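Novice: Take a look at this one; I'll ask things after.
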Amino acid sequence: MHQGPIVVFKFVSKSYGVIKAISDIDFSINKGEFVYLTGASGAGKTTILKLILGETKPTTGHVFFDGQDLALAKAKEIPFIRQNIGVVFQDFKILGERTAKENIEVALAVKGVKELEWSERIKHVLKLVGISRRSTAFPAQLSGGELQRLSLARAVALAPKIVLADEPTGNLDWETATSIVELLHKINKEGITIIMATHNRVIIDKMKRRTIVLKDGKLVSDSGKK
Amino acid sequence: MNLAFKTTINYLKRSPFQALAAILVMGLTFFVATLISIAIYSSGKLLNYLETTPQVIVFLKNDPNENAISNLRSALENDNRIKDLRFVSKEEALNIYKKATSDNPLLGELVSPSIFPASLEFSVKNLSDTLPIIEEVKKEPVVESVGFTANLSGEKSLGEVIQRLKEITVYIRVGGAGFALFLAGISFLVLTVVISMRLNSRKEEIEILELIGATGAFIKTPIVLESITYAIFGVITGWIFAVILLLYSTPTILIYFGKIPILPSNALALFGLLGIILLGELIVGIIIAILGSLIAIGRASARR
């Protein structure tokens, strides 16, 4: 299943002025892996996800995504790199004035998928996340769990190489949170790499996957490190 | 592209009053621009008419030598600064007088052809050649006097007439173009402000699109299309109102200017002229829209 690294951090540090968000982070994640990124608030989880997304550049060190050094990527290349990354956020980040189906359509249009393929893909991902019957609903008509499922559907529709989930269960009740995590595992079984940032120890302990623990911007443990 | 158009329509539907304000400001600009374009066209035609209408009348002495007249006539015919040369006999001069005084026939009855001098009438191709031609013709022995028909606002000398005509044309062209440019500047500012407001209200949407990998072109296209939509509707609105005003006032204009063809003589040619104006305005409007929206996008990106 593992076919070499998709994300590599080589002694990466990131500072915002005098504040050091992360310091000397060094790890790699293989294709097809499911990795939890955990730590208290402010430990540096979101900074790591932002570095992978190319939202910010490392102060020192190198971040590689699928072999490409993101520190050297030009601003114009970033959107094309992101088209291979699915994103899921705590606050869902769904387009409020578009229906569930239209939200996925926009993502497909962004990636340049032919319109002929849209219907099939949308049907597949909505079924995968279990909201097939809510395709014409607007975000205001969806529950928190459904919004997160839609966010996942949008991420998966792009057939990404990796899905970054930043506290995807943060705004959800326990039952819904569990179902979202199970869904992420289901997506991972389709071969998509998942990095999920969470501070929810119960979920991590229950699912038993590779876990990278951060504290004050430093990597304190990595269960996948040999 | 289909999605970009759909998004543009959504944007327009979301804030119809902003859209209406932008369209009306553009409409006002292009309403004035259409009228100025017509005024520039008409002033050109008026100047051309004045330059080519018989302006110089050479009054001949009472008992002229036929040979001398013939020589003068052929000399004028061969002069390439002159056109439309015409000989007016004493009898023709009387008829012209009778026609001019037709509202009082008694005046026509009291005169005979003998009191009217025969004359040679001609136009000059370029108004500025008039003065030297008149000076040359005055030296001919058969010439009694030379008259110049153009007269605007009581100018006394020919030089003043020429100068005055040129000034009027420059006022219309430069003044009109300047005013249209000023209005175009206002439209540009209004469009930039409206688009900036729109971008501000779409901040979150743009952020989401950027996160899922939308390129700059993908994000900008609906915004630029929205701006172009304002411009197209604004141009068409302004043009339609100007055309309605023109058609409404055409009879009055035609009566006022008489035989001076300041507007095209038939409907097809008139609408051809209006069509060219519309096309030009659409091009200018679209350029304003593209520049305005790109500047608004640039400013919004710099703020983020």
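Those protein sequence lines, which keep their order, are chains R and E.
Going by my numbering, the first residue of the first sequence is number 1, and it counts up by one from there.
Going by my numbering, the first residue of the second sequence is number 1, and it counts up by one from there.
Beta carbons: idealized from backbone N, C-alpha and C, even for Gly.
Just so we're clear, the structure is a prediction, and the values are computed from it rather than from any experiment.
Could you have a look at E:S37 and say whether DSSP puts it in helix, strand or coil?
Specialist: Residue state, collapsed to three classes: helix.
Novice: Is R:E146 close to chain E, meaning its C-beta is less than 9 Å from at least one C-beta of that chain?
Specialist: no
Novice: Taking 9 Å as the CB-CB limit, is E:F308 close to chain R?
Specialist: No information on residue 308 of chain E is available, as it lies outside the stretch 1 to 304 that chain E covers here.
Novice: With DSSP as the reference, please indicate the residues paired to E:I133 in a beta bridge.
Specialist: Answer is none; E:I133 lacks a bridge partner.
Novice: Does the segment 103 to 113 of chain R come within contact of the segment 223 to 242 of chain E, defined as at least 3 CB pairs closer than 8 Å?
Specialist: Touching, no, given that fewer than three Cβ pairs across the two stretches are closer than 8 Å.
Novice: Output, in sequence order along the chain, the residues in the segment 180 to 214 of chain E whose CB is closer than 9 Å to any CB in chain R.
Specialist: E204, E205, E207, I208, L209, E210, L211, I212, G213 and A214
Novice: Which residue from E:L106, E:F122, E:D103 and E:E91 puts its Cα closest to that of E:L76?
Specialist: E:F122 is the residue among E:L106, E:F122, E:D103 and E:E91 whose C-alpha sits nearest the C-alpha of E:L76.
Novice: In whole angstroms, what is the alpha-carbon distance linking E:T29 and E:A21?
Specialist: 12 Å
Novice: Is E:R14 close to chain R, meaning its C-beta is less than 9 Å from at least one C-beta of that chain?
Specialist: yes
Novice: Using the Cβ count rule (16 or more neighbours within 10 Å means buried), how would you classify E:P132?
Specialist: Result: exposed.
Novice: Can you tell me where the alpha helix (DSSP H) with R:V156 in it begins and where it stops?
Specialist: G144 to A157
Novice: Report the rounded CA-to-CA distance for R:T47 versus R:I122, giving the unit in angstroms.
Specialist: 31 Å
Novice: Might you give, ordered along the chain, the residues of its own chain that have their beta carbon closer than 6 Å to the beta carbon of R:L126, omitting 5 neighbours on each side?
Specialist: Sequence-distant Cβ neighbours of R:L126 in its own chain, meaning closer than 6 Å and more than five residues away, are S132, S135 and A153.
Novice: Might you give, ordered along the chain, the residues of its own chain that have their beta carbon closer than 7 Å to the beta carbon of E:Q55, omitting 5 neighbours on each side?
Specialist: S123, V124, T130, F148, T149 and A150
Novice: Return yes when the Cβ of R:L147 is within less than 9 Å of the Cβ of R:P139, no when it is not.
Specialist: yes
Novice: Indicate whether at least one CB of chain E lies closer than 9 Å to the CB of R:Q68.
Specialist: No, because no Cβ of chain E sits closer than 9 Å to the Cβ of R:Q68.
Novice: What are the residues of the segment 78 to 101 of chain R that lie near chain E, defined by any Cβ-Cβ distance shorter than 9 Å?
Specialist: For the segment 78 to 101 of chain R, which is checked against every Cβ of chain E, the residues closer than 9 Å are I78, P79, F80, I81, R82, Q83, N84, I85, G86, V87, F89, K93, I94, L95, G96, E97 and R98.
Novice: Use the C-beta contact count for R:D69: other C-beta atoms within 10 angstroms, 16 or more gives buried, fewer gives exposed.
Specialist: exposed
Novice: Any contact between the segment 286 to 303 of chain E and the segment 195 to 212 of chain E? By contact I mean 3 or more CB pairs, one from each, below 8 Å.
Specialist: Yes, the segment 286 to 303 of chain E is in contact with the segment 195 to 212 of chain E.
Novice: So with CB distances below 9 Å, who are the chain R contacts of E:F5?
Specialist: Neighbours of E:F5 on chain R: none; closest Cβ ~12 Å, over 9 Å.
Novice: Starting from R:E105, find everything on chain E with Cβ-Cβ shorter than 8 Å and list it in chain order.
Specialist: What R:E105 touches in chain E: L3.
Novice: Let's see if you can read the secondary structure: which residues bound the alpha helix (DSSP H) around E:E205?
Specialist: K203 to L211
Novice: So, helix, strand or coil for E:N151, using DSSP?
Specialist: Interpretation of E:N151 is limited by its pLDDT of 49, a score under 50 that renders its predicted location unreliable; the figure taken from the coordinates is listed afterwards. Looking at E:N151 - three-state DSSP - the assignment turns out to be coil, as it is neither helix nor strand.
Novice: Please confirm whether E:G292 has its beta-carbon closer than 9 Å to some beta-carbon of chain B.
Specialist: No chain B appears in the structure shown, which is made up of the protein chains R and E.
Novice: For E:A231, which option in E:F59, E:L254, E:A267 and E:G285 has the closest C-alpha, if you only look at C-alpha atoms?
Specialist: E:G285
Novice: Starting from R:K10, follow its DSSP beta bridges and name the residues at the other end.
Specialist: R:H62
Novice: Cβ closer than 7 Å: which chain R residues qualify as neighbours of E:F218?
Specialist: V110
Novice: Pick from E:N104, E:K139, E:V170 and E:L12: whose alpha carbon is nearest that of E:S43?
Specialist: Distances from the CA of E:S43 to each of E:N104, E:K139, E:V170 and E:L12 were compared; the closest alpha carbon is that of E:V170.
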